[in-house]
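Heads up, the thing below is written out as structure tokens.
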Amino acid sequence: MARSLANRVTLAALGLAAALVFGLGAVSYFAVRQLIRLRLAAVGQERPALAGLRWLGLAHALMGLLLLAVVAVAARFAALRVTARLTRLSEGARRIADGTAGALPCDPDYQDEVETVTRAFNGTLAQLRAAQQTLEQRVRERTAALEQRERELRQSQEQLALALEGSRLGSWQWDIPSGQVAYGHLWPRLLGYTGAEIAPTIQAWGALVHPEDAERVRRDVVAHLKGLTSEFDLQYRMRARDGGWRWIHSRGRVVERKGTGIAVRAAGTNADVTWRCEAEERLRDASLANARLAEALQASEERLRLALAAGDHAEWDLDPAQGRITRGPRWWEILGAPPEAHDETLAGWKSVLHPDDRGAACAALQACIDGKAEVYEASYRVRGRDGAWRSIRSRGHAVKRDEAGRALRVTGTSTDVTELDELQGRLLAATRLASVGTLAAGVAHEINNPLTYVSANLAVLLDELSAAAPLEERRGELRERAEEARQGASRIASVVAAMRALGGPERAGQACAIDVGAELQAALQMARNQVVQRAALEVSIAPDLPKASAKTNELGRVFLNLLVNAAQALPEGQADRNRVTVEARRSGDGIVVEVSDTGPGIPPEVRERMFEAFFTTKPVGVGTGLGLSIARSIVVSAGGAIEVDSEPGRGATFRVRLPAAGAPAAASGAAPPPAPASAGARRRVLLIDDEPMVRRSLERILRRHHDVVSLGSAEEALARIVAGERPDVILCDFMMSGLDGIGFHEALSREHAALLERLVFVSGGAFGERATRFLREHAVTVAPKPIDPPALLALIDRIVTRAEAARAA
377 MARSLANRVT
387 LAALGLAAAL
397 VFGLGAVSYF
407 AVRQLIRLRL
417 AAVGQERPAL
427 AGLRWLGLAH
437 ALMGLLLLAV
447 VAVAARFAAL
457 RVTARLTRLS
467 EGARRIADGT
477 AGALPCDPDY
487 QDEVETVTRA
497 FNGTLAQLRA
507 AQQTLEQRVR
517 ERTAALEQRE
527 RELRQSQEQL
537 ALALEGSRLG
547 SWQWDIPSGQ
557 VAYGHLWPRL
567 LGYTGAEIAP
577 TIQAWGALVH
587 PEDAERVRRD
597 VVAHLKGLTS
607 EFDLQYRMRA
617 RDGGWRWIHS
627 RGRVVERKGT
637 GIAVRAAGTN
647 ADVTWRCEAE
657 ERLRDASLAN
667 ARLAEALQAS
677 EERLRLALAA
687 GDHAEWDLDP
697 AQGRITRGPR
707 WWEILGAPPE
717 AHDETLAGWK
727 SVLHPDDRGA
737 ACAALQACID
747 GKAEVYEASY
757 RVRGRDGAWR
767 SIRSRGHAVK
777 RDEAGRALRV
787 TGTSTDVTEL
797 DELQGRLLAA
807 TRLASVGTLA
817 AGVAHEINNP
827 LTYVSANLAV
837 LLDELSAAAP
847 LEERRGELRE
857 RAEEARQGAS
867 RIASVVAAMR
877 ALGGPERAGQ
887 ACAIDVGAEL
897 QAALQMARNQ
907 VVQRAALEVS
917 IAPDLPKASA
927 KTNELGRVFL
937 NLLVNAAQAL
947 PEGQADRNRV
957 TVEARRSGDG
967 IVVEVSDTGP
977 GIPPEVRERM
987 FEAFFTTKPV
997 GVGTGLGLSI
1007 ARSIVVSAGG
1017 AIEVDSEPGR
1027 GATFRVRLPA
1037 AGAPAAASGA
1047 APPPAPASAG
1057 ARRRVLLIDD
1067 EPMVRRSLER
1077 ILRRHHDVVS
1087 LGSAEEALAR
1097 IVAGERPDVI
1107 LCDFMMSGLD
1117 GIGFHEALSR
1127 EHAALLERLV
1137 FVSGGAFGER
1147 ATRFLREHAV
1157 TVAPKPIDPP
1167 ALLALIDRIV
1177 TRAEAARAA
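377 is the number of the first residue of the sequence shown in the working numbering; add one for each residue after it.
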């Protein structure tokens, strides 16, 4: 290595010397040449001098070569010495490095140099070792950092993979110039493919996009590639492996562009959002359906409002816990109450109810609230602001109940049926008159038979009384004839009473305990003659029948209708082959009344409609089609039911089931005997009747037991009362000329109300709308004509006893 270095040093010195010599020679040559040319030009001898100048240059060259040789020899000698020193220094350095520097031969002339080199070398070696340690430490630190970053990168990649997997996101990278797409492993699985089934090209991706979505997707992607949008966020359909379409939500952006802005690489994710799109579709459908439903509900509410207004219905909403009733405006119109008088409480509602109806209406509502009844139904009267009573029919149901079954909210409607009730009353009256007309011949027969022997016996009595023979000899015969006349008159009275009960207007108010046997007997008396013309009549009425709860006269009309229908179902002239059976018996806690016939029976198609109003199979003029409809409504309102068993050719049986109202009644074969007249103190009786003969007959009955003041007009009676007279009982004819019973009642109500409890109306029957309404709306005592003397005397005793008990209380 030292020799090679010496050679290089020698060559370098020779090169440098040659350059110097050549440079000096060239400079000298050109400088002398130019100088000589300038001088010769001045004297005109240019060319000869130039030849001499060439020789001068050659001399300079030779001198340069000689100088170069001398320099080369000197340089070589110096190089060899330097080489020798460097060789020794190299050997010393090697030994120092090997730790054998003590054996190093050292030239005394170079001892200082060796020590200097040794120190320098040791310092450099120490620096190199320190640098090596520092470098190794940095390498270790860098390696640890790289390993940590590699672990974090792997963890991040795993987390990203799990996140993509969990969120069903498929990643992709698109090399835009080549059209190659690198899919994540989940992306093809979104469509049901494996990675190998979808080519990694943008064309393969585009081929799966739904044709209806392809143009929109292409337009949005191109806009983003041109830099018009920060990213693309698309939702479109793609063809799945099973042939169906899946909704894909694709988000991505360009992640690399050239300097000119041309997109090079894009990346993003795909998600399967089919479920969300289907849910949104269902939501849209549901919203559309809700909108339609809202429109339909609004239209329905409008129709309901119109229907309520047209039907005269007042809606209401009850909160039982708070005792508040929210009512529609129609209710206050019915009552005629101004806004400041509106009382939307249960107590306010109860306060306007008719006293006779309050108990039943409140009980029906409470049963619905307590869960004992699903539906609330009640008919009652309310007093309007003008004092008039209006008939109301309410119906509602509980729309919400608590766990115990108690109603939390009850809604319904109330309808003003005042006019309807009046019309129905007229229709019922017409129906009853039609029934009476149907029975007219039989009723005439029932009246004419007793009337015949009443008239005959009275004629004989007159003849006997006119004869000269002593009365004592004929007393027994006359008494027998008088008794027969009385019985005949009683029979006529019972027929008339039955006609009045079954054909007259009903009394309003609460239901009361009705003797079912007596009602059935009254109906039989009216229909007997018509039935026996067509069939044999068999009657069986149990003597221990309990009473039923119904309004007066109603059950008799039901039985009369069933008897007439049974008779009309049988042909005339075949009484020996037909039979009508009437049976009334106890059944558990209730009563069963059956009316059966052996007629042709009822076809199934007729049985389905026979209780409909105005449906009839009878000829025109024979039936109205209302009888069975009214009968069923009466029985149902009494808490019972009406059933029919029939087959064509095997007759029909109508069965009425009624709940018992109280203790068993007395035997129904005859009316119970009146209580005996009191033998105590005589009472002051004020008798008012505009018929002199009726007044005198009543006087004869009463004077044996009481003190009687007999007057022919109500005006006279009022004058005596105003003058201070206070009778124990007032017997007043109901239908009179002048001031009638109604006017007399009103006059007492204004000035002498305490006497109203002592007032008894004597009536042969109320007719006219005013009289009928008065009896329906007022709880008055009525003694029917013809008068039964023992019953009248017993009634007087009851009136006085009741009045005295009330005064004592």
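Just so it is clear, CB atoms sit at the ideal spot from N, CA and C, and this is done for glycine as well.
On a predicted model such as this, the values are computed, not experimentally measured, just so you know.
Beta-carbon separation (whole angstroms), residue i vs residue j, contact threshold 8 Å
i: HIS1081; j: ARG1058; result: 7 Å
i: ARG757; j: ARG766; result: 7 Å
i: ASP792; j: ILE710; result: 5 Å
i: ARG983; j: VAL1020; result: 6 Å
i: VAL1105; j: VAL1156; result: That belief does not hold up - the Cβ atoms of VAL1105 and VAL1156 are roughly 14 Å apart, past 8 Å.
i: MET1112; j: ASP1066; result: 4 Å
i: GLY546; j: ASN646; result: 4 Å
i: ALA616; j: VAL631; result: The pair is not a contact, with the Cβ atoms about 28 Å apart (cut-off 8 Å).
i: VAL956; j: VAL907; result: 5 Å
i: LEU567; j: ARG622; result: 6 Å
i: ARG910; j: ALA943; result: 5 Å
i: HIS600; j: ARG629; result: 7 Å
i: ALA590; j: GLY582; result: 7 Å
Limits of the beta strand (DSSP E) - the one that residue i falls within
i: SER770; result: 765-777
i: LEU1107; result: 1105-1109
i: LEU1135; result: 1135-1139
i: PHE608; result: 608-615
i: ASP695; result: 689-695
i: LEU741; result: Run containing LEU741: none in the beta strand (DSSP E); it sits in the alpha helix (DSSP H), 731-745.
i: THR787; result: 783-792
i: GLY644; result: 639-648
i: GLN549; result: 545-551
i: LYS726; result: No beta strand (DSSP E) contains LYS726, which is instead part of the alpha helix (DSSP H) from 722-727.
Neighbour-count burial assignment, residue i, 16 or more Cβ in a 10 Å radius
i: LEU939; result: buried
i: ALA675; result: exposed
i: VAL1098; result: exposed
i: PRO553; result: exposed
i: HIS561; result: exposed
i: ILE1172; result: buried
i: ARG423; result: For ARG423, the predicted structure reports a pLDDT of 48, less than 50, and the residue's modelled location is therefore unreliable. A value from the coordinates is still provided. When all chains shown are included, ARG423 counts as exposed.
i: GLU895; result: buried
i: LEU673; result: exposed
i: LEU936; result: buried
i: GLY1016; result: buried
i: LEU426; result: Confidence at LEU426 is low in this model, with a pLDDT of 49, below 50, so the placement of that residue should be treated as unreliable; the coordinate-derived value is given next. The residue in question, LEU426, is exposed, as its Cβ has fewer than 16 Cβ neighbours within 10 Å.
i: HIS718; result: exposed
i: PHE453; result: exposed
Nonlocal neighbours in the same chain, by C-beta distance under 7 Å from residue i, ignoring five residues either side
i: GLU988; result: SER1005
i: VAL585; result: VAL593, TYR612, MET614
i: VAL934; result: ALA1007, ILE1010, VAL1011, VAL1032
Of the listed residues the options, nearest to residue i (C-alpha basis)
i: GLU753; options: ASP733, ALA764, ASN941; result: ASP733
i: ASP648; options: MET614, ILE578, VAL969; result: MET614
i: SER770; options: ASP973, THR794, VAL1032, THR605; result: THR794
i: ALA1028; options: ARG1076, GLY975, VAL1070, ALA1036; result: GLY975
i: ALA1182; options: SER1139, GLU1133, GLN906; result: GLU1133
i: ASP762; options: ARG1096, ARG565, PRO714; result: PRO714
i: PRO980; options: ARG1026, PRO947, ALA780; result: ARG1026
i: ARG1192; options: PRO705, GLY1015, ASP797; result: Beyond the ends of the chain as shown, which are 377 and 1185, falls residue 1192; an answer cannot be given.
i: PRO696; options: ARG785, GLY735, ALA1090, ALA739; result: ARG785
i: ILE574; options: PRO587, VAL1138, ARG953, GLN556; result: GLN556
N- and C-terminal bounds of the alpha helix (DSSP H) containing residue i
i: ASN941; result: 930-944
i: PRO587; result: 587-601
i: ARG565; result: 562-565
i: SER1009; result: 1003-1013
Chain-order list of residues whose beta-carbon lies under 6 Å from that of residue i (same chain, five-residue window excluded)
i: ALA1036; result: PRO922, ASP965, GLY966
i: SER916; result: GLU959
i: ARG1174; result: none
i: MET377; result: Below a pLDDT of 50, predicted positions are generally treated as unreliable, and MET377, at 48, falls in that range; the measurement from the model is reported next regardless. Closer than 6 Å at Cβ, skipping near neighbours: no residue.
Neighbourhood of residue i by C-beta, 8 Å cutoff - its chain only, sequence neighbours within 5 removed
i: GLU1075; result: LEU1063, VAL1084, SER1086
i: GLY712; result: GLY760, ARG761, ASP762
i: GLU720; result: ARG700, ILE701, THR702, ARG703
Interface flag, residue i vs chain B, CB-CB below 7 Å
i: THR605; result: In the displayed structure, chain B is absent; only one protein chain is listed.
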